[in-house]
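Worksheet: one structure, shown below.
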Amino acid sequence: MSTPNPSITFLHEAEDLLVQIEEIILEIHSQDAPSEPVNQLFRAFHTIKGSGAMFGFDAVAEFTHHVESVLDKVREGEIPFSDELSELVLASKDQIKKLLDVSQGGDPVEPGSSERIIAALSEFSKGSAGAPPPVAAASAHRSPAPASGHQQFSIRFKPNPEMMAFGTNPVSLLNELRGLGECTVSANHQDVPTLADIVRDRCYLSWDIQLFTTAGINAIRDVFIFAEDGSQIDIEAVGAPEPASADSSANISAVPKGQEKTLTPAKAEPAAKDSSSSKKASSNNSLVRVPSDKLDRLVTLVGELVMNQSRLSQVASRVDLADVTAPVEEIERLVSELRDNVLGIRMTPIGMAFNRLKRLVHDLSGELGKQIDLITEGAETELDKTVLDQIGDPLVHLIRNSVDHGIESADDRELHGKQRRGRIRLAAAHVGSHVVITIEDDGRGLDPDKIRAKAISKNLIAPDAQLSEKEIFNLIFLPGFSTAAQVTSVSGRGVGMDVVKRQIDSLRGTVSLASQLGGGTTTTLTLPLTLAIIDGLLVEIGSDQFIVPMALVTENVELHKADRARNNSRNAVAVRGDLIPYVRLRSLFQVSEGEPDIEKIVIAQQGEQRVGLVVDRVLGSHQTVIQSIGRFYREVEIVSGATIMGDGRVALILDVAGLVHSVRHGAAHGTHAANQHSPEETARR
Amino acid sequence: MNSLVATQYITFKIGDELFAIDVVSVREVLELSLITRIPDAPAHLRGMVNVRGEAIPVVDLRAKFGLPPIPDSVHTRIVVLEIEVEGQRSVLGGIADSVHEVIDFEADMISPPPRFATRWKGDLIKGVARRGEELIIILSTDAVFSGNDVEEIGAAVAQTGSLDGAGSH
Numbered sequence: 018m019s020t021p022n023p024s025i026t027f028l029h030e031a032e033d034l035l036v037q038i039e040e041i042i043l044e045i046h047s048q049d050a051p052s053e054p055v056n057q058l059f060r061a062f063h064t065i066k067g068s069g070a071m072f073g074f075d076a077v078a079e080f081t082h083h084v085e086s087v088l089d090k091v092r093e094g095e096i097p098f099s100d101e102l103s104e105l106v107l108a109s110k111d112q113i114k115k116l117l118d119v120s121q122g123g124d125p126v127e128p129g130s131s132e133r134i135i136a137a138l139s140e141f142s143k144g145s146a147g148a149p150p151p152v153a154a155a156s157a158h159r160s161p162a163p164a165s166g167h168q169q170f171s172i173r174f175k176p177n178p179e180m181m182a183f184g185t186n187p188v189s190l191l192n193e194l195r196g197l198g199e200c201t202v203s204a205n206h207q208d209v210p211t212l213a214d215i216v217r218d219r220c221y222l223s224w225d226i227q228l229f230t231t232a233g234i235n236a237i238r239d240v241f242i243f244a245e246d247g248s249q250i251d252i253e254a255v256g257a258p259e260p261a262s263a264d265s266s267a268n269i270s271a272v273p274k275g276q277e278k279t280l281t282p283a284k285a286e287p288a289a290k291d292s293s294s295s296k297k298a299s300s301n302n303s304l305v306r307v308p309s310d311k312l313d314r315l316v317t318l319v320g321e322l323v324m325n326q327s328r329l330s331q332v333a334s335r336v337d338l339a340d341v342t343a344p345v346e347e348i349e350r351l352v353s354e355l356r357d358n359v360l361g362i363r364m365t366p367i368g369m370a371f372n373r374l375k376r377l378v379h380d381l382s383g384e385l386g387k388q389i390d391l392i393t394e395g396a397e398t399e400l401d402k403t404v405l406d407q408i409g410d411p412l413v414h415l416i417r418n419s420v421d422h423g424i425e426s427a428d429d430r431e432l433h434g435k436q437r438r439g440r441i442r443l444a445a446a447h448v449g450s451h452v453v454i455t456i457e458d459d460g461r462g463l464d465p466d467k468i469r470a471k472a473i474s475k476n477l478i479a480p481d482a483q484l485s486e487k488e489i490f491n492l493i494f495l496p497g498f499s500t501a502a503q504v505t506s507v508s509g510r511g512v513g514m515d516v517v518k519r520q521i522d523s524l525r526g527t528v529s530l531a532s533q534l535g536g537g538t539t540t541t542l543t544l545p546l547t548l549a550i551i552d553g554l555l556v557e558i559g560s561d562q563f564i565v566p567m568a569l570v571t572e573n574v575e576l577h578k579a580d581r582a583r584n585n586s587r588n589a590v591a592v593r594g595d596l597i598p599y600v601r602l603r604s605l606f607q608v609s610e611g612e613p614d615i616e617k618i619v620i621a622q623q624g625e626q627r628v629g630l631v632v633d634r635v636l637g638s639h640q641t642v643i644q645s646i647g648r649f650y651r652e653v654e655i656v657s658g659a660t661i662m663g664d665g666r667v668a669l670i671l672d673v674a675g676l677v678h679s680v681r682h683g684a685a686h687g688t689h690a691a692n693q694h695s696p697e698e699t700a701r702r
Numbered sequence: 002m003n004s005l006v007a008t009q010y011i012t013f014k015i016g017d018e019l020f021a022i023d024v025v026s027v028r029e030v031l032e033l034s035l036i037t038r039i040p041d042a043p044a045h046l047r048g049m050v051n052v053r054g055e056a057i058p059v060v061d062l063r064a065k066f067g068l069p070p071i072p073d074s075v076h077t078r079i080v081v082l083e084i085e086v087e088g089q090r091s092v093l094g095g096i097a098d099s100v101h102e103v104i105d106f107e108a109d110m111i112s113p114p115p116r117f118a119t120r121w122k123g124d125l126i127k128g129v130a131r132r133g134e135e136l137i138i139i140l141s142t143d144a145v146f147s148g149n150d151v152e153e154i155g156a157a158v159a160q161t162g163s164l165d166g167a168g169s170h
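If you read the sequences in order, they're chains V and C.
My numbering puts the first sequence at residues 18 to 702.
My numbering puts the second sequence at residues 2 to 170.
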C-alpha cells in the first residue's frame with residue numbers, strides 16, 4: 018500500500034473540518050450558551066491553521082490565525098458570539114475554502130478580500146477590550162488558565178506510529194510546546210527497531226516533556242489537538258496546588274477522544290455536558306477513510322462474483338449432483354450476504370446533502386430579506402453514494418424554488434394570517450427499496466390558473482385543453498417552462514424544473530408535485546437505494562431476454578390471442594376493473610418468430626399510471642448487476658442498462674418510463690392532439 | 002509524422018480494403034459470439050456482447066462505413082478496443098470481416114492522409130501505408146469511434162482506388 022500524500026490528506030481533512038464548522042455555526046444560532054460548540058469551532062480552526070502551516074499552505078494558516086484569535090476570546094468569555102460574529106466566521110470559512118481551492122488550481126481569490134475579513138475580525142477582538150466578560154462565569158471551568166503564575170506539567174507523548182503519514186510532524190508539536198514556556202524534552206528510543214526493520218515515515222520515538230508554563234492545560238491540549246488519533250498523550254500537573262489541579266483533570270476527562278489518562282476521577286459535571294459530543298467523536302475515531310474509486314472497484318468485483326455465482330448455480334442445477342448442490346447453495350448464500358454488505362458500505366447518510374442546503378437557505382433568506390426556518394428530518398437515511406452524489410443539484414434547485422418563489426416576504430405572510438417566519442421541511446425516509454425525499458414549504462403555493470395561462474402562451478397546451486390540477490402542475494416539468502414572472506438572481510439561470518426531472522429520471526427515480534394555493538407546495542422525490550444491483554424480473558421475447566426492474570412490477574396477467582384479436586384496436590386490458598394500456602414489445606422490437614398463443618402482460622407502475630408490457634414468457638426473478646450500455650446507446654431510451662446472464666449472454670434492462678415515452682412519441686408523430694391530451698406523459702420525458 | 006515512427010498496427014479487412022489501427026488501443030481480438038441486439042438502435046450498432054463479464058457495445062464497421070451488409074462468416078472477428086470517448090475510457094468492439102496480422106510500419110512507409118481526407122473534421126485517417134502493391138489505410142481509432150459522421154469514410158474507401166491508381170503510375 019502506498020503512503021498517502023500528506024498534503025492531500027490535509028486537504029481532505031480541511032474539507033471535512035470546514036463542513037463541520039459550517040454545521041456548528043448554523044446550529045449555534047439556536048443555542049443560548051454555545052460554549053461547547055465554540056470550543057469545537059476553535060479546535061477545528063486551530064487544526065486547519067496548524068496542519069496548514071505544516072504543509073506550506075501559509076496563506077491559509079495566516080488567515081485562519083485571525084479567526085482563531087477571535088474565537089479564543091469568545092471561548093475565554095471575553096466577547097459574546099453574536100450573530101454578526103457568526104456571519105463573519107461563516108464568511109471566513111468560505112474564504113478558507115477559496116484559499117484552499119487556489120492551491121489546487123482554482124480561481125485566485127479576490128484581492129483584498131482576506132484583508133477585509135481580517136480587519137472585521139480584529140474589530141471584534143478590539144471591541145472586547147473594554148467590555149466586561151459576560152460569559153466568564155459560565156465558562157470558568159473550562160478556561161482555568163491560571164494567570165496566577167507558573168505551573169509545571171509532566172507530559173508523555175507517544176505518537177501514533179502512522180502520524181507522519183497523516184501529515185503531522187511530532188517535532189513541530191514539540192517546538193510548539195517550547196513556545197509555551199520553559200521546556201525539557203527527553204526522547205525514548207527503546208522502540209526504535211534495527212535499521213533493516215525501519216519503515217520510512219513511521220515514528221518510533223516517544224517523548225517525556227517537563228513543561229514549566231503560565232499557560233493552562235487547555236493550551237497544552239490544543240497543541241496536541243490534531244495529533245490525538247492513535248497517540249498516547251498523558252498530561253499531568255506536577256505538584257500543582259489549589260483548584261487548578263481539579264479543574265484541569267476534569268478538563269482532561271472531558272476530552273472526547275479518551276486517549277488521555279486522568280489521574281484524578283473525573284468531575285461529573287463537564288463530563289456529562291460533553292457526553293453527546295464524546296459519542297460523536299468516538300464513533301468518528303473508528304472510521305476509515307477510503308477513496309470512493311476503491312469502493313467502486315469492490316462493488317464491481319462483487320457484481321462479477323454475483324454473475325459467476327448465478328452461472329455456477331445454473332450449471333449445478335443441470336448436473337444435479339448432491340455433492341455439488343450443497344456447497345453451491347452455501348456459496349449462493351454467502352455471495353448474497355457479501356453483496357448486501359458491500360453495497361451497505363457505499364450507503365451514505367443523506368444528511369451530508371442536507372447540510373449544504375441549510376447553508377443555502379441561510380444565505381438565500383438573508384439575501385432576499387425573508388425569514389425562513391429549514392427543518393430537516395431523517396438526515397440519517399442512507400442511500401448509495403452514487404445516487405447521493407447526483408441528487409445534490411436537483412435538491413438545491415428545489416430548495417431555491419421554495420425559498421425564492423414559494424415562501425412570501427414576512428409582511429406578505431402576516432397579511433395572509435401566517436406566521437412571519439416561513440418554514441421549509443426537508444425530510445427523507447426509506448419506503449421499500451426506495452428513498453423518498455419530501456420538500457414541503459408553507460409558502461404561497463402554485464396557482465393552477467397562472468400555470469395554465471403560461472402553458473397556453475408558450476404553446477405547450479391547447480387553449481381549450483381539459484386538464485386536472487395534477488396535470489397542470491406537471492406542466493412545470495416541461496422543458497422551457499419557468500414559473501417566475503421575472504428571473505431573480507436566486508432562481509437558477511435558465512435551469513428549469515425540466516432539468517430536475519431529467520436528473521431524477523436518469524437515476525431511475527420519480528418526482529411529483531402537490532400544492533395548495535396559499536397553503537404551500539410539496540415536492541416528492543422517489544429514488545432507488547442503489548444503482549448497482551437491483552431485483553429484476555426476467556422476461557423473454559422471441560429468443561431475447563430482458564429485465565424489468567422488479568420495483569416497478571405490480572403483477573402479471575395472461576393475454577390470450579383471442580382476447581387480443583377482440584380488442585385489437587384498444588391495446589388495453591381490464592385488470593380487476595381498471596383498464597390498463599399495454600405495449601406489445603414483440604411488435605415494438607420487431608420480433609416475428611415463435612409467437613406464443615398465450616402471452617404474458619407484466620403490469621408496471623410508472624409514476625401515477627400503470628402500464629402493461631406484453632412479453633412471450635416470464636422466466637422469474639433475477640439478481641441484476643447493472644452495467645451501463647455506454648454512451649454509444651444514449652439515444653436509445655427504451656433500455657437503461659445491460660446485465661450478464663448466468664449462461665453468459667447479455668440481457669437488456671428495460672427503461673419503462675423511456676419505453677412509454679417512446680411509444681407515445683412514436684404514436685403522437687404529427688398528431689399534435691395526442692400531445693395535448695397527455696401533458697403528463699410529455700412531462701415524463 | 003514523428004508519432005508514427007516504427008509503430009505496431011493490427012490490420013483488418015472490410016470488404017476489399019485493408020485497414021490498420023494502432024495496436025496500443027487494441028485489447029484483444031475475439032471470434033464472433035452471441036450479440037444481444039438493442040432494439041431501436043442505429044444500424045451500425047450491432048448490440049452488446051459479453052467479454053469476460055463485461056457487457057460492451059459492438060459497432061459494425063461495415064455499416065458504420067456505409068458499406069452494404071454481408072452475412073457473418075468464420076473469419077468475422079470482434080476487435081476489442083479501449084479508447085477515449087469524450088474524455089472517458091470506453092471499451093467497445095468493432096466487427097471486421099477478417100483480422101490479419103500485426104505489422105510494424107516505419108515512418109517512411111506512411112504517407113500523410115490524402116488530401117480528400119483532411120477535409121473531414123476529426124481526421125479519421127491518420128495516414129496511408131504502402132506494402133508492395135497493397136495500400137493500407139491507417140485509422141485514428143478515437144476519431145472513428147467517437148465521431149458521428151463516420152459514414153463519410155465509405156466515400157474515402159471508394160476513392161482510395163483512384164488514389165492507388167494514381168500512385169502506382
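Yeah, the Cβ is synthetic: ideal placement off N, Cα and C, and Gly gets one too.
{"Query": "Residues in the segment 28 to 44 of chain C having any Cβ partner in chain V nearer than 9 Å", "Result": "Ser34, Leu35, Ile36, Thr37, Arg38, Ile39, Pro40, Asp41, Ala42, Pro43"}
{"Query": "Sequence-distant residues of the same chain with beta carbon closer than 7 Å to Ile113 of chain V, five excluded per side", "Result": "Leu35, Ile65, Val77, Phe80, Thr81"}
{"Query": "Residues of the segment 44 to 78 of chain C with Cβ closer than 8 Å to any Cβ of chain V, in chain order", "Result": "Leu46, Gly48, Met49, Val50, Asn51, Gly54, Glu55, Ala56, Ile57, Pro58, Val60"}
{"Query": "Inter-stretch contact at 8 Å, needing at least 3 Cβ pairs: the segment 320 to 331 of chain V / the segment 349 to 364 of chain V", "Result": "yes"}
{"Query": "Asn358 of chain V - DSSP class collapsed to helix/strand/coil", "Result": "helix"}
{"Query": "C-beta atoms of Thr403 of chain V and Ile551 of chain V nearer than 8 Å", "Result": "no"}
{"Query": "Closest by C-alpha distance to Val673 of chain V, when choosing among V:Val653, V:Thr230, V:Ala370", "Result": "V:Val653"}
{"Query": "Inside the segment 441 to 474 of chain V only - alpha helix (DSSP H) runs reaching at least 4 residues", "Result": "465 to 474"}
{"Query": "Residue-level contact to chain C via CB, Tyr599 of chain V, 8 Å cutoff", "Result": "no"}
{"Query": "Outcome for Ile134 of chain V when other beta-carbon atoms lying within 10 angstroms are tallied against a minimum of 16", "Result": "buried"}
{"Query": "Proximity test, Cβ basis, 8 Å: Gly123 of chain C and chain V", "Result": "Interpretation of Gly123 of chain C is limited by its pLDDT of 44, a score under 50 that renders its predicted location unreliable; no figure is taken from the coordinates."}
{"Query": "Given 8 Å, three or more beta-carbon pairs between the segment 526 to 537 of chain V and the segment 590 to 605 of chain V", "Result": "no"}
{"Query": "Which of helix, strand or coil DSSP assigns to Pro613 of chain V", "Result": "coil"}
{"Query": "Pick from C:Val24, C:Ala7, C:Gly16 that is closest to Asp143 of chain C, judged by C-alpha positions", "Result": "C:Val24"}
{"Query": "For Ser52 of chain V and Ser292 of chain V, the rounded distance between their alpha carbons", "Result": "Summary for Ser292 of chain V: the model assigns pLDDT 40, below 50, so the residue's position carries little reliability; its value from the coordinates is reported in the next sentence. Approximately 14 Å, taken between the alpha carbons."}
{"Query": "6 Å Cβ shell around Glu384 of chain V - same chain, five flanking residues per side excluded", "Result": "none"}
{"Query": "Boundaries of the alpha helix (DSSP H) in which Ala3 of chain V is found, first to last residue", "Result": "No answer is possible for residue 3 of chain V: it lies beyond the span of chain V, which begins at 18 and ends at 702."}
{"Query": "is_contact[Leu93 of chain C, chain V] using C-beta, thresh 8 Å", "Result": "yes"}
{"Query": "Gly196 of chain V burial status per 10 Å Cβ neighbour count (16 or more: buried)", "Result": "exposed"}
{"Query": "Distance between beta carbons of Leu495 of chain V and Leu15 of chain V, contact taken as under 8 Å", "Result": "Nothing about residue 15 of chain V can be reported from this structure: the residues present for chain V run from 18 to 702 only."}
{"Query": "6 Å CB neighbourhood of Ser24 of chain V in its chain, flanking five on each side removed", "Result": "Phe72"}
{"Query": "Given 8 Å, three or more beta-carbon pairs between the segment 436 to 448 of chain V and the segment 394 to 412 of chain V", "Result": "yes"}
{"Query": "Interfacial residues, the segment 305 to 335 of chain V to chain C, with Cβ spacing under 8 Å", "Result": "Glu321, Met324, Asn325"}
{"Query": "Per-residue DSSP class, three states only, for Ser34 of chain C", "Result": "coil"}
{"Query": "6 Å CB neighbourhood of Leu671 of chain V in its chain, flanking five on each side removed", "Result": "Phe563, Val565"}
{"Query": "Neighbouring residues, chain C, relative to Val667 of chain V (Cβ below 7 Å)", "Result": "Thr37, Met49, Val50, Asn51, Ala56"}
{"Query": "Through-space distance from Phe649 of chain V to Ala56 of chain C, alpha-carbon basis", "Result": "13 Å"}
{"Query": "Integer-rounded CB distance, given that Gln9 of chain C should sit under 8 Å from Val100 of chain C", "Result": "14 Å between Cβ atoms; not a contact."}
{"Query": "6 Å CB neighbourhood of Ala263 of chain V in its chain, flanking five on each side removed", "Result": "For Ala263 of chain V, the predicted model reports a pLDDT of 41, less than 50, meaning its position is unreliable and no value from the coordinates is stated."}
{"Query": "Partners in chain C for Val653 of chain V, counting only beta-carbon separations shorter than 7 Å", "Result": "Ile39, Asp41, Ala42"}
{"Query": "Opposing strand residues paired with Tyr10 of chain C [DSSP bridges]", "Result": "C:Asp23, C:Ile104"}
{"Query": "Cβ pair Arg92 of chain V, Ile242 of chain V closer than 8 Å", "Result": "no"}
{"Query": "Whole-number beta carbon distance between Ile441 of chain V and Ile416 of chain V, since they are thought to touch under 8 Å", "Result": "7 Å"}
{"Query": "Helix, strand or coil at Ile226 of chain V [DSSP, three-state]", "Result": "strand"}
{"Query": "Per-residue burial, Ser609 of chain V [other beta carbons within 10 Å of its own, 16 or more giving buried]", "Result": "exposed"}
{"Query": "Secondary structure of His639 of chain V, DSSP reduced to three states", "Result": "strand"}
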